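Following: one structure in structure tokens, then a few remarks.
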Amino acid sequence: MTAALSAHELIARHRSTLDQALEVIRTRAYWSPHPEHPKAYGENGSLDAAAGKAAFDALLGSRLDLGQPGTDDWVGGETSPYGVDLGVTYPHADLDVLLPAMKAGQRAWRDAGAEQRAVVCLEILKRISDRTHEFAHAVMHTSGQAFMMAFQAGGPHAQDRGLEAVAYAYVEQVRTPDNAEWTKPQGKRDPLAMNKQFTPVPRGIALMIGCNTFPTWNGYPGLFASLATGNAVLVKPHPRAVLPLALTVQVAREVLAETGFDPNLVALAAERPGEGIAKTLALRPEIRIIDYTGSTEFGDWLEANARQAQVYTEKAGVNTVVVHSTSDYKGMLSNLAFSLSLYSGQMCTTPQNLLVPREGISTDQGPKSYDEVVADLAKSVDGLLGDDARANALLGAIVNPDVKARLEAAAGLGEVALASREITNPDFPGAVVRTPVIVKLDGAKPDDEAAYMSECFGPVSFAVAVDSAADAAELLRRTVREKGAMTVGAYTTDPEVEQAVQEVCLEEAAQLSLNLTGGVYVNQTAAFSDFHGSGGNPSASAALCDGAFVANRFRVVEVRRDA
160 MTAALSAHEL IARHRSTLDQ ALEVIRTRAY WSPHPEHPKA YGENGSLDAA
210 AGKAAFDALL GSRLDLGQPG TDDWVGGETS PYGVDLGVTY PHADLDVLLP
260 AMKAGQRAWR DAGAEQRAVV CLEILKRISD RTHEFAHAVM HTSGQAFMMA
310 FQAGGPHAQD RGLEAVAYAY VEQVRTPDNA EWTKPQGKRD PLAMNKQFTP
360 VPRGIALMIG CNTFPTWNGY PGLFASLATG NAVLVKPHPR AVLPLALTVQ
410 VAREVLAETG FDPNLVALAA ERPGEGIAKT LALRPEIRII DYTGSTEFGD
460 WLEANARQAQ VYTEKAGVNT VVVHSTSDYK GMLSNLAFSL SLYSGQMCTT
510 PQNLLVPREG ISTDQGPKSY DEVVADLAKS VDGLLGDDAR ANALLGAIVN
560 PDVKARLEAA AGLGEVALAS REITNPDFPG AVVRTPVIVK LDGAKPDDEA
610 AYMSECFGPV SFAVAVDSAA DAAELLRRTV REKGAMTVGA YTTDPEVEQA
660 VQEVCLEEAA QLSLNLTGGV YVNQTAAFSD FHGSGGNPSA SAALCDGAFV
710 ANRFRVVEVR RDA
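Every position in the sequence shown, counted from 1, becomes a number in this note's numbering once 159 is added.
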């Protein structure tokens, strides 16, 4: 293929960005090359708000032809959680045609080397970034996120995670030199001398199985980690959230073709309604890497059955916050209220269980009983969401009927401290918008355990009364060990309690946030600095991102010759 963009051009354009990413994954400092504010777009080829909305509107009712081989049908059926029928159709693939075509381009992609692969990936991310406004609407209308969250989490934050994966992939690939001269002294005899060549080689085709709630944020790390390490990538979106990942595939294919590589290195696997092709794909011998975000049940199935592949999962957990004491009671309540409300609790990092001593807690406002803490938290959530316009901007829409059913059933599990209420979205009357429910449970009652020891994904939280800080730590340990946790939070002014909770998290490999009372929340993580998940408890087999997330996506093959 003829390259419209040479390797030298791409290196000149993106090497400084790659170098900065390499530096910040070492220092863990704040950095992002992707602007978070919508007004930052509209120059240097990027779409402003009006142009991005127009580009999204033009997609509605269209056929998104990616030009990939093996297309045997056109499929679609996405309906926005805001009540809009997207009407976009996508290519359905004959896998026996598409998969061989994807393998055909891997040799040239492998031979390009780590640096060239990295800068091609950065060019893909740059073009996605230029279309952030368009992608934001696509994420909003497939995930149910409110626009600003879809813009930030589905745009710059997702792009940051993709770049982070590229940086880690580059580090691991260049850890071994391309060539080495090896000489071994032999005393009076001539030394043994060899030339050794080391080449990172891909495992094969990677399968990225997308999720409904965060299609780009959760999808980009695996996609770019596999692509940057030389693998072709087949993107299998969630059937309710195809558009953002189909657009991603479209951009990737364009860049690969323009840089002289086979565009079939990245392809889309959309499915017919009810077809369920993920299991079929996961067991194909050509699939050597799988990235998956979603339910524990299917994640466990992948880990047990896709034996030919390296499987990286982010599943479900029971996220827990220990509430022992605080020096900023108002700040604690405000921080927790926001964490429980953001995107209607439809985040794998949202707190579910709040462990509160039944005798109460000490605060800067004096002692507070268990009942007072729970009632005050309910008031804080009510205050945060009391204005419907603000509530819509924070809650977004309920992503699917299963979440709504769990929310409604939760009220029957115990005493309701905060009832959920329905909110109308004037811009989207078809949206299902609900405020969170908080239910009081007793950690000493076996009948309550079934509720708080199971994940209840959505805007549902349990205020669990425990006997002491020690009991809270022990329940935390059991929860993480048996069910997993993507996040753990704790509020305490007691160094011994802090140490006990920290020790649980270190031993059970759970990411801990302590005494958050400001603008950082337990359910948010920053690329290049925070690890999302740990890969060390049942909630996930991988962390986003660390060396382990990328290093086994390729192997190093040695060729040695007598010098």
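Where a beta carbon is used, it is the ideal one built from N, C-alpha and C, also for glycine.
It should be emphasised that the depicted structure is a prediction, and the values quoted were computed from it without experimental measurement.
In the DSSP assignment, what are the bridge partners of I170? Reading the sequence shown from its first residue, position 11 is the one you call residue 170. In the DSSP secondary-structure assignment, I170 is not bridged to any residue.
Can you check whether the CB of I449 is closer than 7 Å to the CB of A437? Counting from one through the sequence shown, the residue named residue 437 turns up at place 278. Counting from one through the sequence shown, the residue named residue 449 turns up at place 290. Contact: no.
C-alpha gap between R334 and A702, whole angstroms: If you number the sequence shown from 1, residue 334 lands on position 175. If you number the sequence shown from 1, residue 702 lands on position 543. Taking the Cα positions, R334 is about 20 Å away from A702.
What are the residues that DSSP puts in a beta bridge with N354? Start at 1 with the first residue of the sequence shown, and residue 354 comes out as number 195. In DSSP, N354 forms a bridge with E340 and R720.
What's the gap between the Cα of L223 and the Cα of E340? By one-based count along the sequence shown, residue 223 stands at place 64. By one-based count along the sequence shown, residue 340 stands at place 181. The alpha-carbon atoms of L223 and E340 are separated by roughly 51 Å.
Give the list of continuous beta strand (DSSP E) stretches no shorter than 3 residues that lie fully inside the stretch 288 to 314. Qualifying beta strand (DSSP E) stretches: none in this window.
Determine the DSSP secondary structure at F420, reduced to helix, strand or coil. Reading the sequence shown from its first residue, position 261 is the one you call residue 420. In the three-state reduction of the DSSP assignment, F420 falls in the coil class.
For N696, the three-state DSSP class (helix, strand or coil): For the purposes of this step, residue 696 is taken as residue 537 along the sequence shown, with counting starting at 1. N696 carries a strand assignment under DSSP once its states are collapsed to helix, strand and coil.
So, is K642 buried or exposed, given that buried needs 16 or more other C-beta atoms within 10 angstroms? The residue given as residue 642 occupies position 483 in the sequence shown. Classification of K642: buried, given that the 10 Å Cβ count is 16 or more.
As assigned by DSSP and simplified to three states, the class of I557: Counted from its first residue, the sequence shown places residue 557 at position 398. DSSP places I557 outside both helix and strand once states are collapsed to three, so it counts as coil.
Please confirm whether L393 and A426 have their CB atoms less than 7 Å apart. The count along the sequence shown starts at 1 and reaches residue 393 at position 234. The count along the sequence shown starts at 1 and reaches residue 426 at position 267. Contact: yes.
How should R276 be labelled, buried or exposed, when 16 other C-beta atoms within 10 angstroms of its C-beta is the threshold for buried? Counted from its first residue, the sequence shown places residue 276 at position 117. So R276 ends up on the buried side.
For A163, which option in G201, E282 and L206 has the closest C-alpha, if you only look at C-alpha atoms? Sequence index remark: in the sequence shown, residue 163 carries index 4 (1-based). Among G201, E282 and L206, the Cα nearest to that of A163 is on E282.
Contact between the stretch 388 to 403 and the stretch 366 to 376 (3+ Cβ pairs under 8 Å): Output reads yes: the stretch 366 to 376 touches the stretch 388 to 403.
Quick one: using the 10 Å Cβ neighbour count with 16 as the cut-off for buried, is L577 buried or exposed? Counting from one through the sequence shown, the residue named residue 577 turns up at place 418. That one is buried.
Quick check: what's the CA-CA separation for L724 versus E667? Examination of residue 724 is not possible in this model, given that the chain is present from 160 through 722 alone.
Which ranges would you report for the beta strand (DSSP E) in the stretch 370 to 458 if only whole runs of at least 3 residues count? The stretch 370 to 458 contains these whole beta strand (DSSP E) runs: 391 to 395, 425 to 427 and 446 to 452.
Evaluate Y650 with the Cβ neighbour count: other Cβ atoms within 10 Å of its Cβ, from every protein chain shown; 16 or more gives buried, anything less gives exposed. For this step, residue 650 is matched to residue 491 along the sequence shown. By the Cβ neighbour-count rule, Y650 is buried, with 16 or more other Cβ atoms within 10 Å of its own.
Reduced DSSP category for K262 - H, G, I as helix; E, B as strand; rest coil: In the sequence shown, the residue the question calls residue 262 occupies position 103. Residue state, collapsed to three classes: helix.
What separation, rounded to the nearest whole angstrom, lies between the Cα atoms of A295 and G648? Taking the first residue of the sequence shown as 1, we reach residue 295 at position 136. Taking the first residue of the sequence shown as 1, we reach residue 648 at position 489. Just so you know, the alpha carbons of A295 and G648 end up roughly 30 Å apart.
Determine the contact status of V183 and R269, defining contact as a CB-CB distance below 7 Å. Residue numbering aside, residue 183 sits at position 24 when the sequence shown is read from its first letter. Residue numbering aside, residue 269 sits at position 110 when the sequence shown is read from its first letter. In this structure, R269 does not lie closer than 7 Å to V183 by Cβ.
Taking the C-alpha atoms as reference points, what is the distance between V591 and E614? Along the sequence shown, read from residue 1 onward, the residue named residue 591 stands at position 432. Along the sequence shown, read from residue 1 onward, the residue named residue 614 stands at position 455. Just so you know, the alpha carbons of V591 and E614 end up roughly 21 Å apart.
Rank L245, G694 and V279 by C-alpha distance to the C-alpha of H167 and give the top, closest one. The count along the sequence shown starts at 1 and reaches residue 167 at position 8. Put simply, of L245, G694 and V279 the residue whose alpha carbon is nearest the alpha carbon of H167 is V279.
Would you call the stretch 566 to 584 and the stretch 542 to 557 touching, i.e. three or more CB-CB distances under 8 Å? Contact holds: three or more Cβ-Cβ distances are below 8 Å.
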